[in-house]
Amino acid sequence: MPYMACIVPEPDRSIPPLRALIAAPRGFCAGVDRAIQIVELALERFGAPVYVRHEIVHNRFVVDRLRELGAIFIDELDEVPDDRPVVFSAHGVPKSVPAAAQTRGLTYVDATCPLVSKVHRQAQRMIEEGRHILFIGHAGHPEVIGTFGQVPEGSITLVETVEDAQSIQIPTARNLAFLTQTTLSVDDTAAIVETLTRRFPQIRAPRSEDICYATSNRQAAVKAITGECDRMLVIGAPNSSNSLRLAEVAERLGVPSRLIERATDIDWDWLGQPSTVGITAGASAPEVLVREVVDALRSRFDVTEEIADHTPERMIFKLPRELLPDRAA
Ligand code: SF4
2 MPYMACIVPE PDRSIPPLRA LIAAPRGFCA GVDRAIQIVE LALERFGAPV
52 YVRHEIVHNR FVVDRLRELG AIFIDELDEV PDDRPVVFSA HGVPKSVPAA
102 AQTRGLTYVD ATCPLVSKVH RQAQRMIEEG RHILFIGHAG HPEVIGTFGQ
152 VPEGSITLVE TVEDAQSIQI PTARNLAFLT QTTLSVDDTA AIVETLTRRF
202 PQIRAPRSED ICYATSNRQA AVKAITGECD RMLVIGAPNS SNSLRLAEVA
252 ERLGVPSRLI ERATDIDWDW LGQPSTVGIT AGASAPEVLV REVVDALRSR
302 FDVTEEIADH TPERMIFKLP RELLPDRAA
């Protein structure tokens, strides 16, 4: 694994040494980056306030910053005044939401990640083929609610665990298909898919992997460093699916791990005096929070930083044309 030492400070013999092994890739994915840019551009284009239905991405730091710029976060569309624009979050929304916005004549911009939209299109195609969909995901997650809202009620069934996959009762075991949430554990999902395909050998798989590149790359990057870490700090929100999965991945490989929102959440007693601490960040956590955590470690340890570069990422998603500067009135 190519390690790149980026900062090697003079050793301070009064505090214990600590190697901070920082996973890469980590933090913002292309879908989160695009969603944040959409809110920023909407504020430039329409002026404040711009309404945003649900947290644009699952990160309080990001949400607070956009709020300061003039975004107003709301739960439902009826909180949006008739004359203000609204942005839909990166997790996607049920079809009924843009339909209701159109009925009211609201200006709206959809920040749904293109990889979530791809799952929506696959769900619609499977229904057109007359299939019943088994959807592997977590109950209540906005992405799951959004995908369920693409297809008729009763045509899709949630599968959360291997136990569900073993016991679930389907109206007809023929013409089945499965899809998955984009931010799941790669390993857990493989076990669920294996169970479903054993039970329903004819089940149709999605055309391509639904777990997105960012989720799989961040999990692979954590796996690559766990062998060298005594503790793992995962920066991300407690409601961020992909961040939770990163902490799980490290724990399962035997590294005690904590999900923290920012440096003030570090439990120093739990951290103890490790020789190497792994650091990563979920797809909705900005890099500034990684720096904040490293700085907090520096206040107690003589830190040597290393970046463990696993899989370079170059994904960029296009912005909605109506927000691009040359389209502005
Ligand atoms: S985690 Fe994946 S699906 Fe979610 S916004 Fe990022 S790229 Fe899109």
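Residue 2 is where the sequence shown starts when you use the numbering used here, and the numbers rise one by one after that. Using N, Cα and C, we set each Cβ at its ideal position, and we do this for glycine too. Since we're looking at a predicted model, the values are computed, not measured.
Residue pairing by DSSP places residue 133 opposite 177 in a beta bridge. Residue 312: not part of any beta strand (DSSP E); DSSP gives it neither H nor E. Taking 7 Å as the cut-off, one finds at least one heavy atom of the ligand SF4 near enough to the beta carbon of residue 32. Annotation for residue 286: no alpha helix (DSSP H) segment contains it, and DSSP assigns it neither H nor E.
Taking 8 Å as the cut-off, the Cβ atoms of residue 297 and residue 264 count as close. Residue 55 holds the alpha-carbon nearest to the alpha-carbon of residue 111 among 198, 158, 149 and 55. Under the DSSP assignment, residue 108 falls outside any beta strand (DSSP E); it carries neither an H nor an E label.
The criterion of a C-beta distance shorter than 8 Å is satisfied by residue 147 and residue 95. Around residue 131, the same chain offers 176 as residues with beta carbons nearer than 8 Å, after the five sequence neighbours per side are excluded. In this chain, residue 158 is not harboured by any alpha helix (DSSP H); it is covered by the beta strand (DSSP E) spanning 157 to 160.
In the pairwise beta carbon analysis, the stretch 36 to 49 is classified as touching the stretch 60 to 73: at least three pairs are separated by under 8 Å. Going by beta carbons, residue 277 and residue 20 fall inside the 8 Å limit.
Linking residue 293 to residue 317 through their CA atoms gives a straight-line distance of about 26 Å. Excluding its 5 nearest sequence neighbours in each direction, residue 185 has C-beta neighbours in its own chain below 6 Å: 212, listed in chain order. In the DSSP secondary-structure assignment, residue 39 is not bridged to any residue. In this structure, residue 117 has its CB closer than 7 Å to one or more heavy atoms of the ligand SF4. Here the alpha carbon of residue 206 sits roughly 10 Å from the alpha carbon of residue 127. The alpha carbon of residue 179 has as its nearest neighbour, out of 22, 164, 230 and 198, the alpha carbon of 198. In the three-state scheme derived from DSSP, where H, G and I count as helix and E and B as strand, residue 260 is classed as strand. A distance below 6 Å between beta-carbons, with the five flanking residues on each side excluded, links residue 149 to the following residues of its chain, in chain order: 157.
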